[in-house]
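Undergrad:
Numbering (the numbering used here), first residue to last: 1 to 262.
1) Would residue 221 pass as a contact of residue 111 if the rule is Cβ separation under 8 Å?
2) Would you be able to state if there are at least three C-beta pairs under 8 Å between the segment 73 to 87 and the segment 231 to 246?
3) Can we say the segment 152 to 162 touches the segment 234 to 248, given the rule of at least three CB pairs closer than 8 Å?
4) If you follow the beta strand (DSSP E) that residue 164 is part of, which residue opens it and which one closes it?
5) Compute the distance between the beta-carbons of residue 190 and residue 79, then report whether it is under 8 Å.
6) Need the endpoints of the alpha helix (DSSP H) that residue 55 sits in, please.
7) According to the Cβ coordinates, are residue 107 and residue 22 closer than 8 Å?
8) If we count Cβ pairs, one from each stretch, closer than 8 Å, do we get three or more for the segment 111 to 122 versus the segment 62 to 79?
9) Just how far apart, CA to CA, sit residue 43 and residue 57?
10) How about residue 225: is its Cβ closer than 7 Å to a heavy atom in the ligand ATP?
11) Look up residue 129 in the DSSP assignment and say whether it is helix, strand or coil.
12) Who are the near neighbours of residue 39 in its chain, counting only those whose CB is closer than 8 Å to its CB and skipping five residues on each side?
13) Short of 7 Å in beta carbon distance, which residues of its chain neighbour residue 174, apart from the five on each side in sequence? Order them along the chain.
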């Protein structure tokens, strides 16, 4: 694992016995937040059953569960919320599916872009471009429709609204360090919205416009923080430190990291 965190008391009952455990960022009677590493799926893969998923680590309970409240892409590291009770699952998923106009749920990401963003776009902003899934032969990707690229009339009803707030935390060495707040939670939203800024996320082969790149670099996208304020009164707040491959790049971009205030 790229993340080394103290193991929380009670966590031994959360994971399967005699198995490597994933770091816990938060643990209560109803919920847990784990530090999902990059390169691990949240569900078992039918095409690669030998590769362990997050679900493979979790200890099944007599009453059912635990349950994944949401998902993260296979190549994305970060905070992943898990419900330990069915009532907790329903309450949390209600927040995730509700209109993101309140302060009860916040998901912040860090991304390192393969390129320095132009000064003209400013230091922060909001991306409000709808998405649509495009299928081509044996692959698929998400397409963002912008002012310059309008969707065909036949797709108007099928567009998925998507909104992302962004802020530059640092630039240098041909890279940009961004903080992203995902107001909606669409598939590949952070990845394709970053592309619309003029630079893809480093290590993202799907949305880069480059013919060559640092192909050996993992996807530099981290689900950095997760905050939920539940109707029960419980407040969940978790922060995942950057994995080693991102940490070394962040220090190149901002030599004072991790002492730089976010």
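Backbone N, C-alpha and C define an ideal beta-carbon position, used for all residues, glycine too.
Quick caveat: nothing in here was measured; it's all calculated off a predicted structure.
TA: In short:
1) Yes, the pair counts as a contact, with Cβ atoms nearer than the cut-off.
2) Yes: the two stretches touch, three or more of their Cβ pairs being nearer than 8 Å.
3) Verdict: no, contact absent.
4) First-last of the beta strand (DSSP E) with residue 164: 164 to 172.
5) Cβ atoms of residue 190 and residue 79: not closer than 8 Å.
6) Unbroken alpha helix (DSSP H) run through residue 55: 54 to 57.
7) Contact flag unset, no.
8) With the rule of 3 Cβ pairs closer than 8 Å, the segment 111 to 122 does not count as touching the segment 62 to 79.
9) One Cα belongs to residue 43, the other to residue 57, and the distance between them is close to 10 Å.
10) No copy of the ligand ATP occurs in the structure displayed, which carries no ligand at all.
11) In this structure, residue 129 counts as coil in the three-state DSSP scheme.
12) 74, 75, 218, listed in sequence order.
13) Excluding sequence positions up to five before and after residue 174, its CB lies within less than 7 Å of the CB of 115, 116, all in the same chain and listed in chain order.
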